[in-house]
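Written below as C-alpha cells is the structure these notes are about.
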Amino acid sequence: MQLTNTVNELHSSVKEEVNNIMSLPLSLSERYEKIVHKASDAIETINTQLTQNEFSSDQEEISFFKESLPPLYATYMRYVTTYSIETHKPIGIKKTLEKYFKKELRKIEEYTTHHSEFYRYLRGGKTHLDNLYFTRTRSINDFSIDNYFPAINKKCCTIYSLRVAMLQANETVKDYLYQAIDDVKNNFMVVAKLAEASPLNQLKKLVWTDSKTNLIELAYALQSAGCFNEGKAQLTQIIAYLEHIFSVNLGNTTRIFQDILARKTGYTKFIEILKERLQARIDRIETKNRQ
Numbered sequence: 036m037q038l039t040n041t042v043n044e045l046h047s048s049v050k051e052e053v054n055n056i057m058s059l060p061l062s063l064s065e066r067y068e069k070i071v072h073k074a075s076d077a078i079e080t081i082n083t084q085l086t087q088n089e090f091s092s093d094q095e096e097i098s099f100f101k102e103s104l105p106p107l108y109a110t111y112m113r114y115v116t117t118y119s120i121e122t123h124k125p126i127g128i129k130k131t132l133e134k135y136f137k138k139e140l141r142k143i144e145e146y147t148t149h150h151s152e153f154y155r156y157l158r159g160g161k162t163h164l165d166n167l168y169f170t171r172t173r174s175i176n177d178f179s180i181d182n183y184f185p186a187i188n189k190k191c192c193t194i195y196s197l198r199v200a201m202l203q204a205n206e207t208v209k210d211y212l213y214q215a216i217d218d219v220k221n222n223f224m225v226v227a228k229l230a231e232a233s234p235l236n237q238l239k240k241l242v243w244t245d246s247k248t249n250l251i252e253l254a255y256a257l258q259s260a261g262c263f264n265e266g267k268a269q270l271t272q273i274i275a276y277l278e279h280i281f282s283v284n285l286g287n288t289t290r291i292f293q294d295i296l297a298r299k300t301g302y303t304k305f306i307e308i309l310k311e312r313l314q315a316r317i318d319r320i321e322t323k324n325r326q
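Residue numbers (the working numbering): 36 to 326.
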C-alpha cells in the first residue's frame, strides 16, 4: 500500500509539472524534453523505494505492477515518443509532413497489432496469467522484448508492466499525431488561401532554379540573423515559406545542413558568392558613375 501511495503521489506531481512546463514560452520539443526529465526523476524515486520495500502479498504486487505503476511510465513514454517525433520531424511541404506523421501513426498501430493478444487480455479484464505477467519472481522472460526497454531492472519492474504502460502511452500519442496531421492540413490551407487572395498572386511565379543546398544555407542565415517576425520566426516556418513561394521541396534540410557543416571549403559558400556578386555589381555602378 505504501508503494502504491508513493507512485500515485509521484505521478500527480509529474502531471502538475506537465501543466506548468507546457505553459512555458519554449518550443514543443524543449517542453517535452523537460517533462521527460521530470518523469525520469519520478521513476528513479519509485525504483529506489522498490529496492527498499517489500509487498505484503502477491496480490498487492500484481495490483501495483498491473494498475499503479504503468500510468507513471506511460507519461514518461508518451513524452519520450513525442519528443522523438518532434525532433526528427522533417522540414518540408504539406505532403512531406503528412507522410511523416502518418508513418509514425502506423508504427503505433503495428505495435498494438503485434501485442493484440496481450491487449485483449487487458481489455477483457482477465486475470489468470497475472502471476506470470505482473510478479517479478515469476515474470516470463521474453527475449523479443521491445527495443524500448533494452535494460530492465527486474527488481523494479516486469516486462508486461512496461507493456501496459506503452499501450497506454500510445493512445495519447495517437491523439497527438491525429492533431498534428490536422494542423498540417489546416495551416497549409490557410497559407494557400492567403496566397490566392494576395495581390502578389497576380505576379509571375518565381521558381528556385539554383541548388537546394544554397537555398537551405540562405534559410539558416536568415533565421540566424533574425530577419523575420522580429527574430521570433522558427527555422521550420522559414523553410516552409521559402518552399511555398519558390515552388521547391527542400527535403531533409537537417541532413543537408550537416553536409554543409562537413565542407572543407567553408560553411558559407553560397553567402560568399552572393557577397562577391553584389560587390561586383556595386563596383560596376560606381565605375559607371565616375565616367
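Glycine is no exception: its CB is placed at the ideal position from the N, C-alpha and C atoms.
Since the model is a prediction, treat every value here as computed from it, not as a measurement.
Use the C-beta contact count for Asn-264: other C-beta atoms within 10 angstroms, 16 or more gives buried, fewer gives exposed. Sequence index remark: in the sequence shown, residue 264 carries index 229 (1-based). Its Cβ having fewer than 16 others within 10 Å, Asn-264 is exposed.
Measuring alpha carbon to alpha carbon, tell me which of Arg-158, Gln-84 and Lys-129 ends up nearest Thr-271. By one-based count along the sequence shown, residue 271 stands at place 236. Proximity to Thr-271 across Arg-158, Gln-84 and Lys-129 peaks at Lys-129, based on C-alpha coordinates.
DSSP state of Val-115 mapped onto helix, strand, coil: The residue given as residue 115 occupies position 80 in the sequence shown. Helix at Val-115.
Check whether the Cβ atoms of Ile-273 and Leu-241 sit closer than 9 Å, and answer yes or no. Position 238 of the sequence shown, counted from the start, is the residue given in the question as residue 273. Position 206 of the sequence shown, counted from the start, is the residue given in the question as residue 241. No, the pair does not count as a contact, with Cβ atoms beyond the cut-off.
Three-way DSSP call (helix, strand, coil) for Ser-162 in this model: On the sequence shown, residue 162 is found 127 positions in, with the first residue counted as 1. For the sequence presented, residue 162 should be read as Thr rather than Ser. In the structure shown, Thr-162 sits in coil (DSSP, three-state: anything other than H, G, I, E or B).
With C-beta atoms as the reference, is Glu-139 less than 9 Å away from Tyr-67? As a first step, residue 139 is located in the sequence shown; it is residue number 104 there, counting from the start. As a first step, residue 67 is located in the sequence shown; it is residue number 32 there, counting from the start. No, these two residues do not count as a Cβ contact at 9 Å.
In this structure, does DSSP put Ser-75 in helix, strand or coil? Translated into positions along the sequence shown, residue 75 becomes position 40. Looking at Ser-75 - three-state DSSP - the assignment turns out to be helix.
If we call anything under 9 Å between Cβ atoms a contact, is Thr-170 one with Glu-96? Taking the first residue of the sequence shown as 1, we reach residue 170 at position 135. Taking the first residue of the sequence shown as 1, we reach residue 96 at position 61. In contact: Thr-170 and Glu-96 (Cβ atoms closer than 9 Å).
Is the separation between the beta-carbon of Asp-212 and that of Phe-136 shorter than 9 Å? As a first step, residue 212 is located in the sequence shown; it is residue number 177 there, counting from the start. As a first step, residue 136 is located in the sequence shown; it is residue number 101 there, counting from the start. The residue you asked about is not Asp; residue 212 is Leu in the sequence shown. Yes, the Cβ-Cβ distance between Leu-212 and Phe-136 is below 9 Å.
So, are the CB atoms of Gln-203 and Ala-77 less than 9 Å apart? Residue numbering aside, residue 203 sits at position 168 when the sequence shown is read from its first letter. Residue numbering aside, residue 77 sits at position 42 when the sequence shown is read from its first letter. No, Cβ-Cβ distance for Gln-203 and Ala-77 is not below 9 Å.
For Thr-207, three-class secondary structure by DSSP: The sequence position of residue 207 within the sequence shown is 172, counting from 1. Note: Thr-207 maps to helix in three-state DSSP.
Cα separation between His-150 and Met-201? As a position in the sequence shown, residue 150 is number 115, starting the count at 1. As a position in the sequence shown, residue 201 is number 166, starting the count at 1. Whole-angstrom Cα-Cα distance: 11 Å.
With distance defined between alpha-carbon atoms, name the residue in Tyr-168, Lys-124 and Asp-318 nearest to Ser-327. Residue numbering for the chain in the displayed model covers 36 to 326; residue 327 lies beyond these limits and cannot be assessed.
Within 10 Å of its beta-carbon, does Asn-205 have 16 or more other beta-carbons around it, so buried, or fewer, so exposed? Stepping through the sequence shown from its first residue, residue 205 is reached at position 170. Result: buried.
Cα-Cα separation, Val-86 to Leu-253: Translated into positions along the sequence shown, residue 86 becomes position 51. Translated into positions along the sequence shown, residue 253 becomes position 218. Inspection of the sequence shows that residue 86 is occupied by Thr rather than by Val. When rounded, the distance between both Cα atoms is 55 Å.
Between Tyr-111 and the rest of its own chain, which residues show a CB-CB distance below 7 Å, the 5 nearest in sequence each way excluded? Mapped onto the sequence shown, residue 111 falls at position 76. So the list reads Val-71, Ala-74, Ser-75 and Ile-78, once near-sequence residues are dropped.
9 Å Cβ cutoff met for Leu-355 and Val-219: Residue numbering for the chain in the displayed model covers 36 to 326; residue 355 lies beyond these limits and cannot be assessed.
Alpha carbon of Tyr-195 to alpha carbon of Tyr-168, nearest angstrom: Your numbering for residue 195 matches position 160 in the sequence shown. Your numbering for residue 168 matches position 133 in the sequence shown. Cα to Cα, the separation comes out at about 6 Å.
Contact under 9 Å by Cβ, Phe-99 with Val-49: In the sequence shown, residue 99 corresponds to position 64, counting from 1. In the sequence shown, residue 49 corresponds to position 14, counting from 1. Their beta carbons are not under 9 Å apart, which means Phe-99 does not touch Val-49 by this criterion.
Contact set for Gln-258: own chain, Cβ-Cβ below 7 Å, skip 5 residues either direction: Indexing the sequence shown from 1 puts residue 258 at position 223. Correct list, in chain order: Ala-268, Leu-270 and Ile-273.
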